[in-house]
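2 protein chains.
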Amino acid sequence: MTLDEEQRKAVFQFFNEIGIIQQLASTMFNKCLPDGVHVSHFAVLNHLARLGDGKTPLKLAEAFQVTKGTMTHTLSTLSKRRFITLRPHATDGRSKLVFLTSAGRAFQVRAVESLGPAMAALDGKLDYDRMIAMLPELAKVREVLDENRDL
Amino acid sequence: MTLDEEQRKAVFQFFNEIGIIQQLASTMFNKCLPDGVHVSHFAVLNHLARLGDGKTPLKLAEAFQVTKGTMTHTLSTLSKRRFITLRPHATDGRSKLVFLTSAGRAFQVRAVESLGPAMAALDGKLDYDRMIAMLPELAKVREVLDENRDL
DNA sequence: TATATCTGGTTTGATATTGAACTAATTTAA
DNA sequence: TTAAATTAGTTCAATATCAAACCAGATATA
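Note that the protein sequences, when read in sequence, are chains U and R.
Taking my numbering, the leading residue of the first sequence gets 150, the next gets one more, and so forth.
Taking my numbering, the leading residue of the second sequence gets 150, the next gets one more, and so forth.
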């Protein structure tokens, strides 16, 4: 099966839509988030709060598909704000573990709340059920891209 | 209808998937594109080639949901590479029109070709039909976000 | 018409991200 | 056991992006 012109265009269009949605959503989130915290920083706090902290920087970089350097940067600003602390890894001298501070947890709660009004404004306009239904399909696309990252 | 906890999480997860797919896709495209041309620049060339040139910078900025300043930057690098030319707008002294040069058209063709191998490698792994089926739904999400940009 | 407002585009300063080079610690293998 | 290769994280230079301030031309209004 080789993709025809029609499909190629559709794939481009797919990634184009994805890119634009990402732009719009992150701009919206960035505007809502308090204290000039960037959505990519919030995402890390959120991840740690919801899925548990004590992860390594590398794990976080993989989870968000950013480079190690980017994660170093993100963690250092979160650290400067005292939202996280980095502790040495118990058994691996090269590695570190990321923990939320209580200020970090408090901020995450506050940040989620600050997104409330925007979310509420979209209520009734976005079809949540359809978005939820798309999740597995999107996850599949993400997995395929992830597995073929070295193209 | 107010969104419950379940839905809120799902919406976050939706945008999270979108963000990760965008990362992976643009990283892949950036690696494939020739001469260090960034995917965002290619996207503009592609747009002009497929939908016709002679657009204003502002129209392009709106099409890709980037700021005017970002589009100025993108166009100036495309211009430096002689892929486009900017001509004054016939009736509006403030405005400009963007045209592809023949080098720009040639590059666009070459760039599409250079994406071929990566696309081929994904062939059989990505479910194009499902992606195509998602297009209208993604477009709907994009439209809603677009209409509510001032939240 | 003259002034005020609006609009298209540029500029500026700050931040996010990348890829590549680098350091230090661990693991592998000779 | 020691040297080589791998791995976790940092640093660096370059680029993309944004928000906000700005300029000049166009439009509205008084």
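Idealized CB from N, CA, C, for every residue including glycine.
Within-8 Å CB hit, residue i to chain R
| i | result |
| --- | --- |
| U:Val215 | yes |
| U:Asp295 | yes |
| U:Asn179 | no |
| U:Glu154 | no |
| U:Arg259 | no |
| U:Arg279 | yes |
Pick from the options that is closest to residue i, judged by C-alpha positions
| i | options | result |
| --- | --- | --- |
| U:Ser189 | U:Leu200, U:Gly201, U:Glu154 and U:Gln171 | U:Gln171 |
| R:Lys274 | U:Lys289, U:Arg231 and U:Leu246 | U:Lys289 |
| U:Asp153 | R:Gly253, R:Glu292, R:Arg298 and R:Met268 | R:Met268 |
| R:His196 | R:Ala260, R:Asp272 and R:Ile167 | R:Ala260 |
| U:Val186 | U:Thr223, U:Leu235 and U:Asp278 | U:Thr223 |
| U:Gly203 | U:Pro237, U:Thr226 and U:Met220 | U:Pro237 |
| R:Leu294 | U:Lys217, U:Pro285, U:Leu294 and U:Asp272 | U:Asp272 |
| R:Pro266 | U:Ser225, U:Asp299 and U:Gly265 | U:Asp299 |
| U:Leu227 | U:Tyr277, U:Thr250 and U:Phe161 | U:Thr250 |
| R:Asp276 | U:Pro285, U:Tyr277, U:Cys181 and U:Ala255 | U:Pro285 |
| R:Ser175 | U:Val215, U:Cys181 and U:Leu200 | U:Val215 |
Min CB distance residue i to chain U below 8 Å
| i | result |
| --- | --- |
| R:Lys208 | no |
| R:Lys274 | yes |
| R:Ala288 | yes |
| R:Leu284 | yes |
| R:Ala192 | yes |
| R:Leu271 | yes |
| R:Arg243 | no |
| R:Arg291 | yes |
| R:Arg298 | yes |
Residue i vs residue j beta-carbon contact at 8 Å
| i | j | result |
| --- | --- | --- |
| R:Phe163 | U:Met283 | yes |
| U:Asn179 | R:Ala192 | no |
| U:Ser263 | U:Pro206 | no |
| R:Gly253 | R:Leu194 | yes |
| U:Phe248 | U:Ile233 | yes |
| U:Gln257 | U:Ala198 | yes |
| U:Leu287 | R:Ile281 | no |
| U:Asn297 | R:Ala270 | yes |
| U:Arg114 | R:Ile169 | With chain U represented from 150 up to 300, any question about residue 114 of chain U goes unanswered, as that position is not in the structure. |
Segment contact, 8 Å Cβ cut-off, at least three pairs: the region 236–251 of chain U with the region 154–161 of chain U: no
Cβ-based contacts, 9 Å cut-off: residues of the region 156–180 of chain R near chain U: Going along the region 156–180 of chain R in chain order, one finds Gln156, Arg157, Lys158, Ala159, Val160, Phe161, Gln162, Phe163, Phe164, Asn165, Glu166, Ile167, Gly168, Ile169, Ile170, Gln171, Gln172, Leu173, Ala174, Ser175, Thr176, Met177, Phe178 and Lys180 with a Cβ nearer than 9 Å to chain U.
Within 8 Å of chain U by C-beta, residues of the region 215–238 of chain R in sequence order: Val215
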